[in-house]
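Visitor: One structure is given below, represented as structure tokens, and several questions about it will come after.
Numbering (mature numbering (1 follows the signal peptide of the UniProt record, and there is no 0)), first residue to last: -20 to -1, 1 to 436.
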């Protein structure tokens, strides 16, 4: 047989053998002989001093809720982790280019990665397969619905931003056996999350940052990867339902200071305080139990205090107006009235021209006593004198003098009573203006404080 014929025969034989070759995952599994691999409880490394490197990745799909009362974050994430089994490898060229396959997960060792902040059992669909690559890398992908703890800082509520962490690491294996590393950097994690993120509820997903870290427990160091999720609250609902109504009530309370003093003003102010207390109840039902009171809570409590002080001031001015109808007043009240008119009124911008006769209430008792003494002396003189000693003309003049003194006494008493009423009314106006000024200064200070905190 010629050499040419032999070459044709060998070529035909090899081509027929290649066409008859079957590419099957079963052949690959049979060649790997996975049942002879180390068990589930043995870390798949040939050198036990070498740690297993686990790469983790988290993609945020949606923020289900952030419970401010329980301070828990419910998220739906796509979780992925990958590690290498040093006892598994094959050449893809030997199996028709098969470089990966799906294998039942119960036959492989897997790292004990969990989330440190978990407060409830994670919920996820049953996905019983791992992706096994030709170089021995094993990948586990699954969606998770997790509930984690999140410490909230509500000082700027409702214009606040919250940062919640997801710390992923092993529970048993220290860093000398398992080292956890992020699969991609923060920018890539955020970009991947924004591609699939579904915004729902009152929180907006702002950023996610990934970093390596370690945690030490009982002198044992564990590796971990920390994902920090930043959320921003949607404040529109709180602005419309809580903040604007509270501002309106505060403005109405201040405007009520221009109403006439009396029962109408008091009843109006009490109605405003009752309505404001309802807003306080709603606010404190929303806020979580925290060591720090939010600025909005400080604002509401301060405004409530200002309202109560203004009510007390209105009661005091009403009492002073009632004193204007009372002729009998104590020395303490009289001194208080004089101090208000003489010293407090000029400070508040009142221009009162006071003479010695203006504050007649202080001389009321002295004038009455002096007139009574004069009348008593005249009566004694008239009674002791005889008809012979006094001529009819003198007697008539003395009687006329007594009548004039009596008329003068009545006029003085009437003027004293009138001045007393006007003085108490002036004192009430002075105190009312003092309350108005203090009210305005307090509200301006409170508003500036709240706005400065929210703006920073």
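The beta carbon of each residue, even a glycine, is placed where N, CA and C say it ideally should be.
Looking at the strands, I want to know which residues DSSP matches up with residue 62.
Guide: 35 and 119
Visitor: Beta-carbon separation of residue 296 and residue 411 under 8 Å?
Guide: Yes. Within cutoff.
Visitor: Put residue 287 into one of helix, strand or coil per three-state DSSP.
Guide: helix
Visitor: Specify the secondary structure class of residue 51 as computed by DSSP and reduced to three states.
Guide: coil
Visitor: Give me the residue from 251, 272 and 280 with the minimum Cα distance to residue 262.
Guide: 280
Visitor: What's the call for residue 28, buried or exposed, on a 16-neighbour Cβ count within 10 Å?
Guide: exposed
Visitor: Tell me the DSSP bridge mates of residue 195?
Guide: 202
Visitor: Among residues of its own chain, excluding the 5 on either side of residue 143, which ones have a beta-carbon nearer than 6 Å to its beta-carbon?
Guide: 208 and 210
Visitor: At which residues does the beta strand (DSSP E) containing residue 150 begin and terminate?
Guide: Its beta strand (DSSP E) spans residues 141 to 150.
Visitor: Would you decide whether residue 165 is buried or exposed? Buried here means 16 or more other CB atoms lie within 10 Å of its CB.
Guide: exposed
Visitor: In three-state terms, what does DSSP make of residue 5?
Guide: Here residue 5 carries a helix assignment [DSSP, helix/strand/coil].
Visitor: Given a cut-off of 8 Å, decide if residue 90 and residue 120 are closer than it, judged by their beta-carbon atoms.
Guide: Pairing residue 120 with residue 90 gives a Cβ-Cβ distance under 8 Å.
Visitor: So, residue 125 versus residue 218, is the Cβ gap smaller than 8 Å?
Guide: no
Visitor: In angstroms with no decimal places, state the Cα-to-Cα distance between residue 420 and residue 238.
Guide: 12 Å
Visitor: Could you check what DSSP says for residue 125 in three-state terms: helix, strand or coil?
Guide: strand
Visitor: Could you round the C-beta distance between residue 132 and residue 204 to whole angstroms and report it? I think they count as a contact, below 8 Å.
Guide: Not confirmed; about 22 Å, so no contact.
Visitor: Which whole-angstrom value describes the C-beta separation of residue 110 and residue 118, a residue pair presumed to lie in contact below a C-beta threshold of 8 Å?
Guide: The Cβ separation is near 5 Å, so the contact holds.
Visitor: In whole angstroms, what is the alpha-carbon distance linking residue 160 and residue 44?
Guide: 27 Å
Visitor: If you reduce the DSSP assignment to three classes, tell me which class residue 80 lands in.
Guide: strand
Visitor: Taking Cβ to Cβ, would you say residue 127 is nearer than 8 Å to residue 100?
Guide: The Cβ atoms of residue 127 and residue 100 sit closer than 8 Å to each other.
Visitor: Grouping DSSP H, G and I as helix and E and B as strand, with all else coil, what is residue 155?
Guide: DSSP places residue 155 in coil when its eight states are reduced to three.
Visitor: With distances taken between CB atoms, is the gap from residue 163 to residue 85 smaller than 8 Å?
Guide: no
Visitor: In terms of residue numbering, what span does the alpha helix (DSSP H) encompassing residue 227 cover?
Guide: 224 to 235
Visitor: Please state whether DSSP places residue 56 in a helix, a strand or coil.
Guide: strand
Visitor: Can you tell which of 82, 137, 19 and 72 has its C-alpha closest to the C-alpha of residue 435?
Guide: 137
Visitor: Hey, residue 236 and residue 248 are a contact pair by Cβ (cut 8 Å); roughly how many whole angstroms apart?
Guide: 5 Å
Visitor: Going by other Cβ atoms of all chains shown within 10 Å of its Cβ, with 16 needed for buried, is residue 377 buried or exposed?
Guide: exposed
Visitor: With 16 as the cutoff for other CB atoms within 10 Å, does residue 191 come out buried or exposed?
Guide: So residue 191 counts as exposed.
Visitor: Cα separation between residue 67 and residue 156?
Guide: 20 Å
Visitor: Rounded to whole angstroms, what's the CA-CA distance from residue 94 to residue 429? Just pull it up for me.
Guide: 44 Å
Visitor: Among all the DSSP beta bridges, which residues are the ones paired with residue 109?
Guide: Secondary-structure assignment with DSSP links residue 109 through a beta bridge to 84.
Visitor: Using the beta-carbon count (16 or more within 10 Å), is residue 201 buried or exposed?
Guide: exposed
Visitor: Whose C-alpha, out of 170, 32, 292 and 259, is nearest the C-alpha of residue 524?
Guide: Since the first and last residues shown for the chain are -20 and 436, residue 524 lies out of range.
Visitor: Ignore the nearest five residues each way along the sequence and tell me which others in residue 423's own chain have a CB closer than 7 Å to its CB.
Guide: Non-local C-beta neighbours of residue 423 in its own chain, meaning closer than 7 Å and more than five positions away in sequence, comprise 230, 234 and 286, ordered along the chain.
Visitor: Can you tell me which of 243, 114, 408 and 382 puts its alpha carbon nearest to the alpha carbon of residue 78?
Guide: 114
Visitor: Beta-carbon separation of residue 146 and residue 196 under 8 Å?
Guide: The Cβ-Cβ distance between residue 146 and residue 196 does not fall below 8 Å.
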